[in-house]
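**Q** Using this note's numbering, read the sequence shown as starting at 2 and increasing by one per residue.
Shown below is the structure under consideration.
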Amino acid sequence: MSTRNTRKAREAARAEKARKEAEARAWFAPKRYGLGSGLPIRWQGWLVYALYLAAIAGCVALFQTGTTGARGSAIGLFLAVSALVLPICAHHTRGGWRWRWGRTD
2 MSTRNTRKAR EAARAEKARK EAEARAWFAP KRYGLGSGLP IRWQGWLVYA LYLAAIAGCV
62 ALFQTGTTGA RGSAIGLFLA VSALVLPICA HHTRGGWRWR WGRTD
């Protein structure tokens, strides 16, 4: 019985250490209220934001060309880039994405 408890304690300690290391490597701070990522806290987060903004600027430029095919492509590209960026932000947010109620959370 004693070895089972020590094994569980070691596993719990490893899991806690892994969680703390993952939080130390987070690219984004969590939002204080609501769901999602806040501002970037590491250079990788700022790079993700800069690349996303550049892609959105490209979508806007493509949308403003006026042709129907270009507008459809711009909307499709916007949806694809957003679908790529959201999971990256969710994965690299300290504590993950969950609903937060301010300082108590």
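We put the CB at the ideal spot given by N, CA and C, even for glycine.
Verify whether the separation of the beta carbon atoms of P41 and Y34 is less than 8 angstroms.
**A** No, Cβ-Cβ distance for P41 and Y34 is not below 8 angstroms.
**Q** Below 8 angstroms between beta carbons: does that hold for L63 and A75?
**A** Yes; because the gap between Cβ atoms is below 8 angstroms, this pair is in contact.
**Q** Please classify T4: does DSSP put it in a helix, a strand, or coil?
**A** Reduced to three states, the DSSP call for T4 is helix.
**Q** If we ignore side chains and look at the alpha-carbon of each, how far apart do A91 and A30 end up?
**A** Roughly 10 angstroms separates the two Cα atoms.
**Q** For A25, which option in T94, L85, L36, R72 has the closest C-alpha, if you only look at C-alpha atoms?
**A** Of the listed residues, the one whose Cα sits closest to A25 is T94.
**Q** Am I right that I36 and R104 are in contact with their C-beta atoms under 8 angstroms? What's the rounded C-beta distance?
**A** Reading off the sequence, residue 36 comes out as Leu, not Ile. With 8 angstroms as the limit, L36 and R104 do not qualify as a contact, their Cβ atoms being about 17 angstroms apart.
**Q** Taking 6 angstroms as the limit between beta carbons, can you name the residues of its chain near G46, skipping five residues before and five after?
**A** If we look at G46 and ignore the five residues flanking it on each side, its Cβ neighbours are W28, F29.
**Q** Thinking just about the alpha-carbon of each residue, which of A14, V86, R5, G96 is nearest to the one in L48?
**A** With distances taken between Cα atoms, L48 lies closest to V86.
**Q** Quick check on DSSP: helix, strand or coil for G35?
**A** Three-state DSSP puts G35 in a strand.
**Q** Leaving out five residues before and five after Y53 in sequence, what residues of the same chain have Cβ atoms less than 7 angstroms from its Cβ?
**A** These residues qualify, in order along the chain: V82, V86.
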